[in-house]
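Just so we're aligned, residue 1 is where the sequence shown starts under full-length UniProt numbering, counting upward by one. C-beta atoms are modelled at their ideal positions from N, C-alpha and C, and glycine is treated no differently.
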Amino acid sequence: MTKKNIAVKIDHVSKTFKLPTESSSSLRTTLVNRLKGIKGYTEQHVLKDISFEVEEGDFFGIVGRNGSGKSTLLKIISQIYMPEKGQVSVNGKLVSFIELGVGFNPELTGKENVYLNGAMLGFSVEEIDAMYDDIVDFAELSEFMNQKLKNYSSGMQVRLAFSVAIKAQGDVLVLDEVLAVGDEAFQRKCNDYFMERRKSGKTTILVTHDMGAVQKYCNKAIMIKDGEVIADGEPSVVAAKYRAANFEVTDHHKLSGDVAKAEYLPGTNAEVPRVEINLLSKDVLSRDDILKFEIIYETIVDMPTGFGFSIIDLTSGGQFSIIDDGAVQQNIFTPWSTKKGVVKRVYELPLTAFNNRDFMVVGSVFTGTDVVGDFKQIGYIFIDRGPRFFVRNEDGISGPLLVEKGQFID
């Protein structure tokens, strides 16, 4: 297979911003502080040794939570910022749509702004002449191009700016959070354009929080967290990692002053101070894989205890339990304990009948006897702490699923 040419190469790029921690109104104070070793600022490391390549023809997605460094990275790619370390190489002319209003003057007409913005993107007057009609037609603003931009509605300004970016005949198009541009009709037109661009093999870099768009348009993707690339590869896998990160809950002891004083996590207590469910398999799985997780709980007194769990379908909004198994369901393979201390169980579940959906494992610790109905819940893990896993099959089927039970193996 012939290797494609590289359109954009990010080679060990790092970026740091200096954030002032004090204000000084005099040169004397500043000099004294420096002599004392007081910097007057802190360093925020926004990007940390990031490297990746975008090949020609890629529709490349970049995802991450707010503050992860995505927009800073795009500004470095677009040569708005310079990196402290590393290099960025772009093969061809790059066109970026990063911030609405950049390169536009409200006192100029729509037509004048097209030429102004085109010039700032590096195009000659002749090149802008050639693409002007396409820009106006896509923006659907032919009747307003001789009016001043300040008289445009915000929606009209967005459409014009976006149309300049996507219709400019560049080699690489860089887009930051643009999938909500315009009204519904204009968004449909944008969707058609993206699908056409994807098929035509033109290089595009897209930053977005819309995981549906990542899976729909992109052939490759990366996820950035705290200035570092933590996932790369297939868009469906990266999208699943992003969703998992968004489900993560900060340690309950750190959420608030009241909770910080609490002695136990939700679902635990003096009788059962510890309840955990941990994935032992990877979190992105296919129908050919086996889900494997461990159940750990601790009791401080001798008593009969068992464990039951459920697999919740998150794609439905957590409304449905796909599988319920364990002590309450009278699974004969569910081990019971009678002694105090730490209990650890491992469970395996084949995913042969699972379609493409997102799931969570939750569960409860019970005490009681083997008599049906003679159970009392004494500990639990619910939505706030259950581990997530994601099934991603090549067939892309995401409808309802049939299930088969697994078993406790330890």
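Taking 9 Å as the cut-off, decide whether the C-beta atoms of residue i and residue j are in contact.
i	j	result
aspartate 324	serine 310	yes
cysteine 190	glycine 61	no
glycine 368	glycine 306	yes
alanine 7	valine 90	yes
glycine 363	valine 275	yes
valine 63	methionine 223	yes
aspartate 288	lysine 282	no
aspartate 192	serine 96	no
isoleucine 378	threonine 299	yes
glutamate 53	phenylalanine 17	no
phenylalanine 293	tyrosine 347	yes
arginine 65	alanine 353	no
valine 172	leucine 94	yes
isoleucine 296	valine 361	no
arginine 198	phenylalanine 59	yes
Apart from the five residues just before and just after residue i, which ones in its own chain have a Cβ nearer than 8 Å to its Cβ?
i	result
threonine 72	Lys15, Val46, Leu47 and Tyr81
aspartate 232	Phe52, Lys220, Ala221, Ile222, Met223 and Val238
glycine 201	Glu56 and Gly57
proline 304	Trp336, Ser337, Thr338, Thr367, Gly368 and Thr369
Classify residue i as buried or exposed, calling it buried when 16 or more other Cβ atoms lie within 10 Å of its own Cβ.
i	result
leucine 35	exposed
glutamine 215	buried
arginine 388	buried
glutamate 84	exposed
leucine 280	exposed
glycine 92	exposed
valine 13	buried
serine 163	buried
phenylalanine 144	buried
threonine 203	buried
phenylalanine 320	exposed
valine 229	buried
valine 342	exposed
asparagine 269	exposed
alanine 165	buried
Can you find a CB in chain B that lies within less than 9 Å of the CB of residue i?
i	result
isoleucine 77	Here chain B cannot be found, since the structure has a single protein chain.
So residue i and residue j are supposed to be a Cβ contact under 8 Å. How far apart are they, rounded?
i	j	result
alanine 168	leucine 121	6 Å
leucine 149	leucine 108	6 Å
serine 78	valine 174	6 Å
leucine 285	leucine 351	6 Å
residue 423	valine 207	No answer is possible for residue 423: the residues shown for the chain start at 1 and end at 410.
arginine 385	glycine 267	7 Å
lysine 111	asparagine 151	The pair is not a contact, with the Cβ atoms about 13 Å apart (cut-off 8 Å).
asparagine 5	glutamate 55	7 Å
lysine 344	aspartate 302	Contact doesn't hold; Cβ gap of about 17 Å is too wide.
methionine 211	arginine 188	Not a contact, Cβ separation roughly 20 Å.
Going by beta carbon distance, what residues of the same chain come within less than 6 Å of residue i, once the five residues before and after it are set aside?
i	result
glycine 118	Ile128
serine 124	none
lysine 9	Glu53 and Ser89
alanine 139	Arg159, Leu160 and Ser163
Apart from the five residues on each side of it in sequence, which residues of its chain come closer than 7 Å, Cβ to Cβ, to residue i?
i	result
lysine 376	Phe366, Thr367 and Gly368
residue 417	Absent from the structure is residue 417, since the part of the chain shown begins at 1 and ends at 410.
aspartate 49	His12 and Ser14
valine 136	Ser142 and Met145
valine 131	First, the amino acid is wrong: residue 131 is methionine here, not valine. Hits under 7 Å: Lys167, Ala168 and Gln169.
alanine 240	Val284, Phe390 and Arg392
aspartate 313	Phe320, Ile322, Arg357 and Phe359
| request: Go through the stretch 32-87 residue by residue and report every complete run of the alpha helix (DSSP H) that reaches 4 residues or more, in order. | output: 70-77
| said: Going residue by residue through the stretch 89-148, where are the continuous beta strand (DSSP E) segments of at least 3 residues, counting only ones entirely within it? | reply: 94-97
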